[in-house]
Structures are given as structure tokens and as C-alpha cells.
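Residue numbers (full-length UniProt numbering), protein chains in the order written: chain A, 1 to 323; chain B, 1 to 323; chain C, 1 to 323; chain D, 1 to 323; chain E, 1 to 323; chain F, 1 to 323. What follows is a single structure, written as C-alpha cells, with notes after it.
6 protein chains.
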Amino acid sequence: MEKKLYDYEMDAIVELFLLIKSTAERKTRAGKPFLTITFQDTSGEMTGNLWDVSPEQLEMYTPSAVVHVKGKREEYNGQPQLRIDKIRLADDSEPNNPELYVKRAPLNRETMIEKLNDVIFEITNPSMNRIVRFLLNKYNKEFFHSPAAKSNHHAFNGGLAYHTISMLELAKTIEDYYPNINRSLLYAGLILHDLGKVIELSGPTATEYTLEGQLIGHIVLVDQEITKACEELKIPTDTEDVLLLRHVILAHHGQLEYGSPVRPQVKEAEIIHYLDQIDAKINMMEDDLSKTEPGDFTTKIWALENRRFYKPTITDHHAEDED
Amino acid sequence: MEKKLYDYEMDAIVELFLLIKSTAERKTRAGKPFLTITFQDTSGEMTGNLWDVSPEQLEMYTPSAVVHVKGKREEYNGQPQLRIDKIRLADDSEPNNPELYVKRAPLNRETMIEKLNDVIFEITNPSMNRIVRFLLNKYNKEFFHSPAAKSNHHAFNGGLAYHTISMLELAKTIEDYYPNINRSLLYAGLILHDLGKVIELSGPTATEYTLEGQLIGHIVLVDQEITKACEELKIPTDTEDVLLLRHVILAHHGQLEYGSPVRPQVKEAEIIHYLDQIDAKINMMEDDLSKTEPGDFTTKIWALENRRFYKPTITDHHAEDED
Amino acid sequence: MEKKLYDYEMDAIVELFLLIKSTAERKTRAGKPFLTITFQDTSGEMTGNLWDVSPEQLEMYTPSAVVHVKGKREEYNGQPQLRIDKIRLADDSEPNNPELYVKRAPLNRETMIEKLNDVIFEITNPSMNRIVRFLLNKYNKEFFHSPAAKSNHHAFNGGLAYHTISMLELAKTIEDYYPNINRSLLYAGLILHDLGKVIELSGPTATEYTLEGQLIGHIVLVDQEITKACEELKIPTDTEDVLLLRHVILAHHGQLEYGSPVRPQVKEAEIIHYLDQIDAKINMMEDDLSKTEPGDFTTKIWALENRRFYKPTITDHHAEDED
Amino acid sequence: MEKKLYDYEMDAIVELFLLIKSTAERKTRAGKPFLTITFQDTSGEMTGNLWDVSPEQLEMYTPSAVVHVKGKREEYNGQPQLRIDKIRLADDSEPNNPELYVKRAPLNRETMIEKLNDVIFEITNPSMNRIVRFLLNKYNKEFFHSPAAKSNHHAFNGGLAYHTISMLELAKTIEDYYPNINRSLLYAGLILHDLGKVIELSGPTATEYTLEGQLIGHIVLVDQEITKACEELKIPTDTEDVLLLRHVILAHHGQLEYGSPVRPQVKEAEIIHYLDQIDAKINMMEDDLSKTEPGDFTTKIWALENRRFYKPTITDHHAEDED
Amino acid sequence: MEKKLYDYEMDAIVELFLLIKSTAERKTRAGKPFLTITFQDTSGEMTGNLWDVSPEQLEMYTPSAVVHVKGKREEYNGQPQLRIDKIRLADDSEPNNPELYVKRAPLNRETMIEKLNDVIFEITNPSMNRIVRFLLNKYNKEFFHSPAAKSNHHAFNGGLAYHTISMLELAKTIEDYYPNINRSLLYAGLILHDLGKVIELSGPTATEYTLEGQLIGHIVLVDQEITKACEELKIPTDTEDVLLLRHVILAHHGQLEYGSPVRPQVKEAEIIHYLDQIDAKINMMEDDLSKTEPGDFTTKIWALENRRFYKPTITDHHAEDED
Amino acid sequence: MEKKLYDYEMDAIVELFLLIKSTAERKTRAGKPFLTITFQDTSGEMTGNLWDVSPEQLEMYTPSAVVHVKGKREEYNGQPQLRIDKIRLADDSEPNNPELYVKRAPLNRETMIEKLNDVIFEITNPSMNRIVRFLLNKYNKEFFHSPAAKSNHHAFNGGLAYHTISMLELAKTIEDYYPNINRSLLYAGLILHDLGKVIELSGPTATEYTLEGQLIGHIVLVDQEITKACEELKIPTDTEDVLLLRHVILAHHGQLEYGSPVRPQVKEAEIIHYLDQIDAKINMMEDDLSKTEPGDFTTKIWALENRRFYKPTITDHHAEDED
């Protein structure tokens, strides 16, 4: 397999194709221009400076360009940094499709659609079923492209859909094990719980909060979408089933201080909250652990209460069974 | 002026007309039935026991009946209690209209409507103006009857409208003094900020939370109403002015832990939050201070962080100027 | 099916066999003795007073006796109460085995042992495997009898084992879905996480904290047991695998303020914490919802941050599929 | 109108008179001296570096000097920065009075005195009236020069007096609307509430905390001043009116954790607390919004719980009425 | 030694002299009068009901009367209660001096004065020395009678002086062990730290908060006293030594949320805070442990964060050495 | 006395022997290598850069080397920094023993052993006595070398032992003054309370947390050691005396959120907690105050809730008595 950016260890000589994610023109104290380039491939991002940059280079090395870089992995202020020795644009005979360097969901869109459809089939409550289908239809494109967060977890193209699918997988076991769970409510709530993010966030690249995201927030934005769907579908918004669906979504952050306007007051709301936590947290831990050597701790992870996580040297997982 | 229930001091002989607010049939340990009656007039509520109650009495003394009571104001477990010596139904020659005994807003409905109209006239932003008028029209009856809370503040018939009017009065000065305030936003936000309570609460008598109130809450319920109004009026929900209006309402509890899904991020949101606080807290303090003797402290007020408030013996207020 | 205590509605005439869980001799103000009896069957507990109790009755009606009671379900201070009209001991021809009236795990011991053994088989790390087997052997009897808590969740005979088995079921899916999990660590940690409760609590009936439970707590008590097991088995306590096992157990309360001396710092610790939360909370909610009518809210549940949970009138669960 | 420092946009060529607020001599890594100068005018402050500074320049460019600067508005680490191309001292024919460049209260001193006197006239309680007049007399000069805080709000010459006047304006409406307020107490408390700042802070320029400010704090310092005034005026410190006056001032931070030794326990204390909040917060928001483009958010404001505030593109305020 | 009230175990027959601390006339539901009497001796307080009380008895059994009681120690709602079988006034030949039944400091006043004088002698800073002597002189009588708190700790006649002396004893060792402590500051601060309680509390019997105590609080009240003392003694209030003295007293609650208007910012302030904590907490624990059987836990102690404390069955203290 | 590193004021010419604590090879932006050296002597640490460093110098100037430095005390980003003008290795005729430059306990090991032995002699409870002696024997070397923390307090060679001895000194007075304290428990708990640090920390130089320290923490590590000691000594771990000893150690952080798995529930636990606080905090304050000029405040001290402490200009301590 091709060696990726983060497969190189500290001080190793680096030589590979990379996507330019962003650039910034800056000046040394002495006034000389240089270009700070953020490179990326599917293993992560790293920054490097191109010193004494020429005007031609400034025009050439712009976001979305794929380049070939020779250099060295170094460290600056405790952060990995790429010393650029040689850099050139990739040509057409080389892997110059930017999509190749962007992290995306490990499942392809067709698989995810199939899995979703299987689940929607089991939403037997008619109102919930219609609302879910209406909204997935309305935001079909965005749902399968949007990240699940700006940077914390599943922050990649398709992250929202993948996060939703993962939670549904967990939900199935829960639901098998505890007999009294309302499956329609659990599945419909899960599918829609973060759909507001397609409005809250600007999309999968250079993700920012939109003005709606800032002022209203994804939790109320999806409630707005359900209200509109009900108007369109002539479903009243205040029957028990619609209220329950809206409630489990409004409450999915679990506590008021995390932005839910109501606390979970039905069982399915509490379950959705925990499934969301588990999937988001495992994703965040995996992300940071993948950049950590066995026997070391990750850096502090803000969204995990500033904890650092240990990557053991011993292993014992699926792979072993497959031997 | 007629003497009211709370005008009688401890151990005084009481004799007056009262409304029965609620009753509960109970039994002594020895198995004898008695009736616990909660009486009320505009000065407040008090409970008393009717011992050895007969089946006829059980039928006669029901909620909404107006009665004439002779008895004594006593205390039980630190709470005022009415010892019932004699009780009978009020007859038609007596003040037997239940409405006479229920606390209501100090302004009548016409005055409040006039004041509201004056303010709406100054909402020059067309979308905000139309949304406000649409919703006040839709919930006209409820807006002027609903209390502003189940029990904390303005918990009386018309309390919601009166609380809104009071805040508008304060808003006018604020707005006079600080030049850059967006008046349309401030007024429209203020008028709608608690309108969700007409759905959250069951109405002015025996006020309870509705299922929608419990599961969705008045903050999101009014957002739902704005969304619906926009659909009806063909106003998009995501233009800056509508987003701002929704934001100042969603944020009016000031902090996430008090149930707002977003914190105030525009100046008018912060101002509405503080005006709400001031008017609600003054109303709560006045309520308890009105039942407290000068030189004493009120009982602990839960909604004011369990503080007790002192009622000074010295006075120095408007009334004095009017001599 | 036999009618259980909580199958009777308010004011219904009750007639059934019950176990006496506890009793208290008390006196009326007038000095007459009476006996407060707490009855139970598998649907829950209820209290009733036996007035004018005779010395013979005091001797007869003691904890662990099975009785036949005629009476009425009433309410006192908002709590259900049983008015005793007739009471007598059950005789040998009647269902007088106390075990019949005590709530217990829905799986029998053999099934639970089998499930555990299947999982232990997959703990391929030798130290973890040996420690788990050593301790389950040492506390075999207690593990299958102990409740999982004094009163909050799984507070019944076998509750600890059942809670552990339930978490293992959930763990299997998690582990299937996320590829890098250390199965030995996850399973061994799960099995032992609450084992300290066999020392912390006094057992399945009239459960109290032991002095060790109070002063040391179940989290450190199980660590003590692992230390002792290591001594016995000649396994060092400070190799990475043993440290990891101890860590995931010490950290399973998730946060310092909930009594874990360290916060989760490996992925499996975080997962165990969440699985514990989910299973315990679903169990608590089910307990209270089973005593609540559809369309009502439960009473406030202290261990769920004083929330009340709504029992919907609509249903949509497994049972329906099985029609 | 003259163009001010913050009227220039990013990358604009700057040319204007500025006051030097402070300077710092520093060295490059290579050991060459340079001077970091903080410039200011009434629109705010900005920093720039004077490279290869000569000894004569070091003597010339000192705090309080007015200079003429040509340069460019740039950005460094996300902060605005002034690149100095040319700099020289302003001469006598130019606007070289430092006072012209310092922000001050929008009302002049005479107007503020007049407004204060009007209010003092309404303090009919003799003790409160005498104490207020005694202390305003004692600290007359400082009261009209002191800022209201080191940096958070009203941090300018006359800020304390202006903050006080603004709160009094708001107080008048409050007091009009709620009938039972003790006006003497409200006005006297308001006027004195922050007077301790004249001792706590070092004055309007280069404001620092004094040792008294650090060790005692302005809340207790004004209480000390009232105690001394009472001694001087032969007023006992423990009559109800003086206790109330002291209480509303001691309690004006609203909560213990914000430094009030007692929580508000009379109505006027609660009102003063909220008026203080409103005026301080509006002032802070205005300050940051005035440096923000419409459609953007301010930077995070520490004293407003790190929130960022949005500056709408739509406007609708007084100015419009004046057309 | 005479047997005290709390020397009798549950259900024991009680026969002893007791002081009546307070009484309350009440009525049974049936309307019969009875008298609830709170008895006390130096071991604690207990309540009992005198049924069918006659008018003569009502006059006879009033607070401060010493009585002889025969009865039984019982329990009601988990609280100890005294069943009164016989009661009569103590006559002159019996121990009828109320002072004999009131808990007081274990040191007599002379000893305490001597200890204080020794310490004052070591306060070499002249201002601190003069302020301490002035205030101890001014409040001499109150200082040696006042309790140190309404009910939490040292709530007895002389408690304030005894608490102060105890802290001084601890301070001496601290001061011996850490060389750089300012002894004048430590001793003067300690002596005055709680002196405000002589104004805050109403005195040693039936202790209540005064209006000054409620509205100003003992922390600011002692600062007021120091200000007045300085005026009287012509000592400026703003020299470093006086500021330090005031600071260590203002800061002695350690944190703002416990009512100190400033946090400790000099070493001696931090030390005084901890000595206060240690002495107060040991006193509270001893109080509750003295009413607890070995092997049991105390009831929850509110002022110790609702903890219950265990009284071990093993002992190992001074007494043993003295064998 | 020899002049130490921190005896030189800002901008003073420095000339003295220093130990190299650590070094880091770095490069200027222009790519030239330089060496950042952290020097130390018993007064503290300071960093300096050796520019244009040669390969020979890189080999010569390594951690643990003693060097002679001429240079100047400067400041960089508010931190003291040493400008290196001349540097050379110390030769054998000079003070080149690294131990001379490392801060250590002010008492020598023999004195500390003696003091410990005196106290152990008073631990009359046989189990506690044997456990204490067993563990001090097992970790004898580490106990007298380990610091008491990584950086907060007593962070020097022998710091753990010295911190323990200091607390024992304070304990003796406490124990003299309050009669019912269990001396065995207090002394044994104190001696062992931080012993887990010999496993948690890597030792006195370049102190880091070990993996055991991170994953288990010193509080549970010492409990593990007591469990092992009990196994070895055939003492049961669940007798009351051993439970109490373990409890006071487990609870010594005082609150769950500070990492104790149980809160103090016996008096001696509470006392140990406070003695630990006092000694640690005085040590931290002294450390920072020793680097602060009289009349100044220290920098913010993180472990003291970010407070800054004032160093008074007035003094009044032991030293003065000794004149």
C-alpha cells in the first residue's frame, strides 16, 4: 500500500503526493514573503513553509492543487511540520484527482442507502415513516456529503450519513435486547437527530458554521424541518407520535447545558443520546489514536474533556481471529 | 374596601366570601372522612379542613363554588390554615361570581391591546411586523387569558399579556437611551418571547403543563409557530431578519442550562433576557412581600435561588408624592 | 396468569398471597400499638398498617412470612398503601415459598453461566483470562446472588450477574462494529467491573452497605481482589495488561466526581462506562415505567437526575411483529 | 469628520495623528533593538513596531507624545497591527493635545452634575441624602474622572460617572412602572454602588488595581467610606435606613461568587444588580461591535462568557426616525 | 458522675433534672391542647409532649425553668424523643440554676483571657496591636459570651472565644514550623476574624441572626469595626499593615462563594482560612460523634457536605497513655 | 554565602557555576543550529540559548554537566532568560558535583529517619504498626528520594519524606489539642498517605508520571501496597483497623472530584486531608514568593486556583526575635 503522510516518522525523509488544503501568504520579520501551505491526504493534515516564494509559485500552489513534495517530517512547537525541500504540481499521468486525498466515509453511498432503506422499512408508525422519507428526500444530496461536525468527530465527506448508520447498527442490538422499545421512534429519531447539520454547517470542505447554524443551531433547525414537513404532508405537529419524534431529537444532547432545550423524558430519547455519545467518542478516540505510537498517549482531546488516551502496545482484536 | 383573606392576621376571626379552588376527600387514621378545601380570593390561597363531612356536603363544596365562611386563621406546620367553623354556599343575592375571586392583570384587556398596537406600529421591518400580527391574531384569545408561568411569576389570568406589556414599557426606555438598538427586533422579539406558553400551559385555572409543554417546551413551540406563520405568509425562514427574530426568542433564557438552545449572540437578545428577568423577579418578590409584615423576611423563594427577602419598615415611594 | 400486587388499580379490592418484607412496631398518639407491614411480590412493594395488633400477631407476622391478605389499594401522601381488612398466614397447601415473591433475574443461573463461559473463552490474554476465572470462582456464589445496587438499578437477587450479562451482549455488537477494540480487555473489564459489589453490599435481601462498602467502596474493593489474585497466581500487578485491566475497572464510573479515582484513558474504559450507563438507566426507567399508566409520567427518579419519564400510549415493539 | 484609526480597513494605507499610549523596548533574536509602540485615538488602540530604532527615537517616542504616522493596517496573529513607514512628532500647529485622543464620556461633566443633582433632590431619606452628598463631595474630582473598570466596560475617563448616570436613567422608568420601590434607597444605592472604584483603580490612564483595590476590593472600600461618613456626620451605622443602603451596595454583584459578601435580600438590591448588568453589558457589546463589520461576529468577549456577538446587516433604529 | 440526658439509651427509663429551652402550645386534630417542650442539659437537647396540659401547667413550664422529669427515651420519625410520665419544677434545694444545664466553653474565662493576653503581647506591629486591644476592649463582654455560630459549630456560650483560642493554639505550631510567617498579622487576624459575630448573632441563648447580621454579615461588620477603631485611634485605614489585617479577615472564608468578598492573597490569609476550617470541622464532628454509638455512623451533617461519620469501635488516644 | 542564580536581578551581569538540567537542539528560521539549555541551581531554573553551536559543544553541554557561565539576566516573553556570553565545563578543582545544584529537603535523611521512628513508636495498633514498618522498609530508598509531586509542591529530591515529616509535626499539635483522636490511625495514615508517589512518579530528576501513575494513580497504588503487605504479613484486609487505615489514605484528597474514591468519613481522614492541604499550599506559596520582590505579587499559581500572592514589604517573623 502507498505510504501516507502520517506513516512517516519524525525526521524521516518524505516523498509523496499531497493535496493542498489551504495556504497563507506571510512575511518574515525582515519582510521577505513566504507561503504557509497546509497539505493533506487521507491520513491527516500537516503544514509546511515554502520560503522565498516567487509570484509564479504563489499562483501555482493554491487550494485544491495536487503536488509532489520531497522534504522531511519535523516538529515545531510540539506540532508536526513538513520541511519542503522540493515541490512541484502533479501532472496528468499522476494521481492528481483531489478526491483521492480527502478522507471519506468507509462505506460507499450505495451501501449506506441500502442500510437506511432497510431500517426505514421497519418504521411502522405512518407519520414517522412519512416524515423521515420526506426529509431524506429533500436533503438527499446534503445528507450523504455533510460531515457530522465541524472538527470534533466524523468531520469528513459523508461523515453525517456514516455516523447515522453506525448508530443504527448499535440501535439494532439494543433494541433486540430490551423488549419494550418503540422501534419506529428509535429509528426515526436516530435518522433525523443530526440532519439539522446539513443546514448548520457549510458542507464537507473548509467547514464553517452558517449564520443559521450560529443563531438557531442544528437542534432547532431539524425541528423547523419537521414542522415544515408536517405542513406539507398535512400531518398535525401535536399528535403524540409527532411530539415524541420531535422530543427525542430535541433532547438528544442529553442535558440542557449541552444545548438541548429539553432533557430526555422518554426511554428512546435517553438511548439515542447514549448511542450518539458512544459513536462520536469512539470516532474521536480512533482519530487521535491513529496518529499515536503504541506506548504513547495522544495529545489532549478538547471534546473528550481534555483527556489524553493511551495506545497500548498489546493488541487483541478481530484481526487476530482472521489469521 | 372589602377585607380579603390575607388581610386577617394570625388567630383573627375570619368571616368572608371565598371561592373554592380545589378539594380533596381524605380520611382520619380512625377512618372518618373529611374534606380538605383550598379557598382563594385575589389576595391568595389558604387551605382548611371540613371535619365529619356529610355526603351532601361533598356534593355541595366543589371547585368553582363560592362560599361564605366563618372561622379562624391558624397555622399548621408553618403554613397558614383556615379553621372552618361555619360554611355555606353563597346565594344569588351575594357576590357569587367566581371571576371576582381570581387574581387578574391590573390592566384591562382593552388597555393592553391599545398598548400592544402602539408598539406593533413601530415594528417597521415588514417580515417581523407580519409575523407578529399573524400570531397575535391566531392566539388572540389565549394570549390575553394565559398566565405567564405555572406558579413562579405572573401566574394569573392575563399574566402573560401583562408580563409582555410590562417588558415593553421597560424596553422603551432602554431603547431611548442606547441609540443603536434595532427597535423592530426588540419589540417583535419581546411580544413573541413567551407566546409558546399558550401551548405549553393548560390555561389560567388549575394550570398544568400540557404534553407538548413537557416534551417540546415553550421556547421551541413558539419557534414552531413562527415557522408555520412563515409558511402561511410565504416568508422564507432563513432571511437574516427572520433568523434574528427567531434567535432572540430562542435565546431569551440567557443560558443553555436554563433551557435556551442557543446563547444570546445579538445585543437585542441579551436585552430581552434581562428585561424578562427584571419583570419576572420583581413580580415574584412583590407577590411574597405582599404577604409579609414590615420588619420580617418572606419565606424562602425557590425561583429566586431560595433567598428570603426583607420587607423594610421604612417606606419612600410614589404614594408619598401623591399626598 | 396470577394477578400481582401492582396489577390492582387504585381503590380496587385486593385479595392475594404476599411476602412480608419488613415490619415496624409503632404506636398511635393515643398509645395504641399497630404494626406497619411492607408486603412484596415480584411486581413491587407496598406498605399497610395492621391496627390494634395483638401480641400473637406480632409474633406471627414477621419478615419472610408468606400471608394471604384481603384489603383495598389506597393512597396515603401520594404513595400507594394497602388497607388490610383480613390477613392470615399461608399454609403448606398454599404457595408459601418466600422465593416465589422475590424479583429475580429473568435468566436462570445456568443460562447466565453458559453465556459467561462463552465470553471468557474469547479472553485470549492469559493474565486477564486467569484473573477473571480465579475471581469468578472465588465469588461464584455471591456473583449469582448479589444485586447490582442497593436500590437504584438491578436491585434484585441475581441482579449483578444479569447486569453483567446484559452489558456483555451490548459489548458484542460494539466490538463487531469498531474493529480496533481489544476484546480481552473489554470482556475481562466488563465481567469484573462491579464484582466489588459482592463485598460492598450485604446481599440480596434487606440490602445494606457493609463497613468495607462504606469506607473503601466497590471500585477499590475489586482492585484489592485483583491484587490478591495476582499474588496468588504469581502474576505481577504492573505489567501493561494487568494495569489496563485494573484501569478500565477503576475508571468505569467515567468521572472523578462519580467515584472513579481515575478518568477513562483507554478506549475500552470509555466503552465500558457507557455500556454500564445504558444498561443501568434502561433498567431504572423500565422499573418505574412498569408502575405507570400509559399517558402518564413516572414519579421523579432520583438516580436519573430527578427526571420524570413519559409512558406513551402508542406502542410499536417486538411483540407486534410476533402477532 | 476626521478619519480615525479603526476607520481604516485591512491593508489600507494609514495616515493620521495618534497618541502614544505605551512603549516597550525589545530586541530581535539577532540582538537588534526595536520599539513596540501602542498607539491610540478615540476609536481604539493598535500596536506597531519601529525597527532599527535609534537612541534619539527611543527618547522621542514616549507615552503621551502625539505623533503623525504613515503606514499600513496589517494583521499579525489575528490581531490588527500598524506597519510604521514614517513617524514624526506632531508640532504645535498640529492637534498635539493628548486629551484629544483619549475616549471619554459622551456627556460633559456639567450635564452629568446636573442630572445627578436632580436625582439627589429626590432622595428624601435624610441619612441617605446626607451620606450621598458627603461622599460625592469628598470624591468629587475622582468620581468624574475615574473609569468604571480596568478594561471590561466604561474603561475611559469619566466612565464611572457616565455608567452611574446611565443606570439612573433606567432606574427612573423601573421606578415609574413598579409602584412600591423605595426611591431614596434605589437612587442612593445606585449613585454609590461603584464609588469604591475611585480607590480600587489608579485612575483613567494606564489603569491598574491599587493595593487597596487588590486586597480589599471596591465593594468593601465603599462600605468603609460610608462608615467613615457616618462617623463624621454623627449618623449611626446600624439604623435600618443605613443598613439598607449598605446592603444594596454590598449585594450589587448579585451573587457571592462574583464578590458580593451578601446576596440581594431587598427588592432594590436586586434591581440595582440588574441595572448594573444591563448597562455594563450593553457598553461592552457596543465597544466590540463598533470594531466589527456588519455581517461579521465580534471576537470572543471574555467578560460576556466568551461569547461572540453578531452585527446584523439590517438596521432599524433611531436614526431612521430622524429622516 | 451525674447521668446526662444523652447517656440514656433508647427505651431506657429516664429520671433527671433538665432545663426547659423552649415550648410550643399545640393542639391535637381533635382540638385538645398539648405542650411540646424542648429540654436540654449539657449533653444536648430532646423534645417531648405533655398531653392534656392544664392552664396552670402552661404557666409553670416556660423557657428557663428547671424541672425534674421521669419518662422514657423513645424515637419519633428517626429523632430521639422523651416520653414524659411525670414532671415537676425543681425546688430550691435542688440544682435549679439554669446555667448548670447550658453547654459552655471547656476553658473558663480567666484562662482564656490569659491565653489571649500572651498572644497579644507577641503582636509587635503597633497598629495591629492597638486595633486588637481596642476592639477586644470594646466588645469584651460579648466576645466571651457569644457563640461562634447559630448552630453549626461552637454554638454555645463562650464558643466564639473558645474557637478563637483553639485556632491560636494551632497557629503557634504552624508558626514554629514555617519560618517566614508574619506573626503579628497571623495572631491579630485570628483574634478578630469572627468578632463580627458579636453583632451578627443575637447572643448565646436562642441565637438568631440580627438584621445587621442578615443584611451586612459578620465579615463586613468586623471590617466596619476596624474602620471605626482606626478613626478613633487616628490610624489611617490604608497603610499596608492595616490593609493586610483587613484582608486576612475579609478573606478568611477562603472562597468568594462562601461569602468572602476577596480570595486569600497573602500567606497568612490562607493559613487562617485553614485553621478556621480544621477547628470548626473537628468541633462539628465531635458534637455528632458524641451522640453516636461506636460502630455506627452519625446522621448526615449538613455543614460537612451531608456526610455521615463513622465512630470506630477501636480506640487509641491520650487516655491510654495515662494508664 | 555564594550568590545563586535567582539572587541576580534583571539586567545584572551573571557569573556563576550551574548545572545543566536539560537541553534541546533547535534551528533558527534561517536553518542555523542553536542549543537551548535549561540551567539550574538550588534557587531555581532558567533557560538560555547558545547560538551558532558547534558539534563539539553539542557533545559537551549535556544534562548533568556542571558549567561556568558568564552572561546577563534578561527577560523574554515575561519569563526570565539567561543570555550566555561565555560558557565552559567546570573542572575537577571546581564545585562540579551535580548534587550541589539540586534542591533538596532542608532536613538531612538521618534527622528525618529519627523523627519518623519516634512517631512510629507511638503507633500502638499492632496491624498499623507492622504495615507501616513493612512498607517503609520495602520502599526505604525511594521514600527518601522521591519528590512529593511532579511540579506543584515539594518537587525536589526528598520532597516526599520532608512533606510527610512536616505534616507529622503539625499532627502532633492537633492531636495534643483535641483529645479523642486515634493517634495510631492519624500517624500511620499520614506516613503512608503519599507513599504511592514512589510508584506514580519516575523519581527526583526529570520527574514524569509512570504508566502505573497515569492509569492507576498514587491513591490506589498505595492501597495495592497495603493489600500486598497484608498478604505477606498474614493480616486480614477487612478488620476494622486495616479498613480505617486504608480509608484515611483513600480519602485524603478530601473530595471525589480531586481523585479520592471515597470522601472522608472518619475524623482522622478529615484531619489528614487538611494537614496535607496546609503543608502543600504553604510550600507552593513560599516557592513563588521567594522569587518575588517585596511589594509585588507572584505570577498566577495554577495549583492555588490561579491566585497571585502579595509579598508584603513589612515583616515580623522569627528572624527578628533572634536578633
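Think of the CB as a built atom: it goes at the ideal place given N, C-alpha and C, for glycine as much as any other residue. Computed from a prediction, not measured in an experiment: that's the story for all the values here.
Endpoints, the beta strand (DSSP E) within which E75 (chain F) is located: 66-76
Within chain E, partners of E25 (chain D) - CB distance below 8 Å: Within chain E, no residue comes near E25 (chain D); the closest Cβ sits about 31 Å away, beyond 8 Å.
Minimum Cβ-Cβ distance from L185 (chain C) to chain A less than 8 Å: True, the Cβ-Cβ gap to chain A drops below 8 Å.
Limits of the unbroken alpha helix (DSSP H) element including H119 (chain D): Residue identity check: residue 119 (chain D) is Val in the sequence provided, not His. From DSSP, the alpha helix (DSSP H) with V119 (chain D) extends over 109-121.
Beta carbon of N157 (chain E) nearer than 8 Å to that of R104 (chain E): yes
Members of the segment 84-103 of chain F that neighbour chain C once the beta carbon cut-off is set at 7 Å: Answer in chain order: no residues at all.
Beta carbon proximity, T227 (chain D) to chain E, threshold 8 Å: yes
Neighbour-count burial assignment, I13 (chain A), 16 or more Cβ in a 10 Å radius: By the neighbour-count criterion, in which 16 or more other beta carbons inside 10 Å mark a residue as buried, I13 (chain A) falls on the exposed side.
CB contact flag (V262 (chain E), G254 (chain D), <8 Å): no
Pair within 8 Å by beta-carbon distance, H193 (chain E) and I249 (chain E): Taking 8 Å as the Cβ cut-off, H193 (chain E) and I249 (chain E) qualify as a contacting pair.
Inter-residue Cα distance where the pair is D276 (chain F) and A229 (chain E): 37 Å
Residues that H247 (chain C) contacts on chain F, provided the C-beta gap is smaller than 8 Å: Under a criterion of Cβ atoms nearer than 8 Å, the residues of chain F adjacent to H247 (chain C) are, in order, L215, I216.
Identified DSSP bridge partners for L35 (chain E): Per DSSP, the beta-bridge partners of L35 (chain E) are E:E25, E:L50.
Cβ neighbours of Y209 (chain A) in the same chain (closer than 8 Å, five flanking residues each side left out): K150, E200, L201, S202
Spatially closest choice to I87 (chain A) from A:E75, A:V66, A:P106, by CA coordinates: Of A:E75, A:V66, A:P106, the residue nearest in Cα terms is A:V66.
Three-way DSSP call (helix, strand, coil) for L195 (chain B) in this model: coil
Contacts that N182 (chain F) makes with chain E (C-beta to C-beta distance below 9 Å): P312, I314, T315, D316, H317
Residue range of the unbroken beta strand (DSSP E) whose run includes residue 329 (chain A): No statement about residue 329 (chain A) is possible, as the shown extent of chain A runs from 1 to 323 and does not include it.
Reduced DSSP category for residue 362 (chain C) - H, G, I as helix; E, B as strand; rest coil: Summary: the structure shown does not reach residue 362 (chain C), with chain C confined to residues 1 through 323, and so no result is reported for it.
Of the residues D:Q40, D:K311, D:T164, D:E212, the one placed nearest D241 (chain E), counting alpha carbons only: D:E212
Cβ of Y162 (chain F) within 8 Å of any chain E Cβ: No - not a single Cβ of chain E is within 8 Å of the one on Y162 (chain F).
Own chain, CB closer than 6 Å to R68 (chain E), minus 5 neighbours either side, in chain order: The question names Arg, but residue 68 (chain E) in the sequence shown is His. Excluding residues within five positions, the ones whose Cβ falls inside 6 Å are F17, R88, A90.
Helix, strand or coil at E9 (chain D) [DSSP, three-state]: coil
Residue span of the alpha helix (DSSP H) that contains G213 (chain B), given as start and end: 211-215
Proximal chain D residues relative to L135 (chain E), where beta-carbon distance stays under 9 Å: Within chain D, no residue comes near L135 (chain E); the closest Cβ sits about 14 Å away, beyond 9 Å.
Interface flag, K267 (chain B) vs chain D, CB-CB below 8 Å: Closer than 8 Å: yes.
Close beta carbons around E15 (chain A), own chain, < 6 Å, minus the five adjacent residues each side: K70.
Supposed contact pair A280 (chain A) and H145 (chain A) - C-beta distance, whole angstroms, cut 8 Å: At roughly 19 Å, the Cβ-Cβ gap does not stay under 8 Å, so H145 (chain A) and A280 (chain A) are not in contact.
Beta-bridge partners of E45 (chain D), as assigned by DSSP: D:Q40
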